[in-house]
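Only one structure is covered here, and it is reproduced in the block below.
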Amino acid sequence: MSKVERFEDLKIWQTARELCQMIHKLTLKDPFLKDFKLVGQIKGSTGSVMDNIAEGFERDGNKEFIQFLSISKGSCGETRSQLYRALDNQYISQDEFDAAYKTTLEEGRMLKSFIQYLKDSDMKGNKFK
872 MSKVERFEDL KIWQTARELC QMIHKLTLKD PFLKDFKLVG QIKGSTGSVM DNIAEGFERD
932 GNKEFIQFLS ISKGSCGETR SQLYRALDNQ YISQDEFDAA YKTTLEEGRM LKSFIQYLKD
992 SDMKGNKFK
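872 is the number of the first residue of the sequence shown in our numbering; add one for each residue after it.
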């Protein structure tokens, strides 16, 4: 594993950012953009995936980082559920749903693996050299 100095170096954060961009584009389309509540919820949950990775990274130790990664993973599941609502309301196509759903699954798997890596690691903080 290459040395990670910033949260922006983490693949899990990069994928979360891609997911945010994907969801943002979907919510710009009519009639999705008129459902203010769902738009706010799905943008909030995808933002939470990305932001909690960043916040956890900036904390002092693995235990806190793992806690924030767990929140990110939960928000990823929340986004997946909201995608079903968007599909069921015919705000997005099946192809759009499938692409976003696949990204949420990938992100969730990566988060789970990274959490396990940190739990198994002898290193107890992200600021050690």
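C-beta atoms are modelled at their ideal positions from N, C-alpha and C, and glycine is treated no differently. Every value quoted in this text rests on a predicted model; they were computed, and no experiment measured them.
**OP:** Round the Cβ separation of threonine 886 and threonine 974 to the nearest angstrom and send it over; I've been treating them as touching at under 8 Å.
**Re:** The beta-carbon distance between threonine 886 and threonine 974, rounded to whole angstroms, is 7 Å. This is short enough to meet the 8 Å contact definition.
Original post:
Looking at C-alpha atoms only, which residue of Asp991, Ile924, Asp931 is the closest neighbour of serine 946?
Top reply: The residue with the shortest Cα to Cα distance from serine 946 is Ile924.
**OP:** Can you have a look at glycine 979 and say buried or exposed, based on whether 16 or more other CB atoms are within 10 angstroms of its CB?
**Re:** It counts as buried.
Subject >> Range covered by the alpha helix (DSSP H) that runs through glutamine 994 >> reply: It is methionine, not glutamine, that sits at residue 994 in the sequence shown. Careful: methionine 994 lies outside any alpha helix (DSSP H) and carries neither H nor E.
**OP:** Could you tell me whether the Cβ atoms of glutamine 953 and isoleucine 913 are closer together than 7 Å?
**Re:** The Cβ atoms of glutamine 953 and isoleucine 913 sit closer than 7 Å to each other.
Original post:
Taking the alpha carbon of arginine 951 as the point to measure from, which residue in Glu926, Arg930, Ile894, Ser984 has its own alpha carbon closest?
Top reply: Closest in alpha carbon position to arginine 951, among Glu926, Arg930, Ile894, Ser984, is Ile894.
Subject >> For isoleucine 986, the nearest candidate out of Ile883, Ser873, Val875 (CA to CA) >> reply: Of the candidates Ile883, Ser873, Val875, the residue whose Cα lies closest to the Cα of isoleucine 986 is Ile883.
**OP:** Measuring alpha carbon to alpha carbon, tell me which of Phe903, Lys908, Ser916, Glu879 ends up nearest cysteine 891.
**Re:** If you compare the alpha carbons of Phe903, Lys908, Ser916, Glu879 with that of cysteine 891, the shortest gap goes to Ser916.
Original post:
Is lysine 973 helix, strand or coil by DSSP?
Top reply: Here DSSP, grouped into helix, strand and coil, assigns lysine 973 to helix.
Original post:
The alpha helix (DSSP H) spanning phenylalanine 907 covers which residue range?
Top reply: Run containing phenylalanine 907: 907 to 928, per the alpha helix (DSSP H) assignment.
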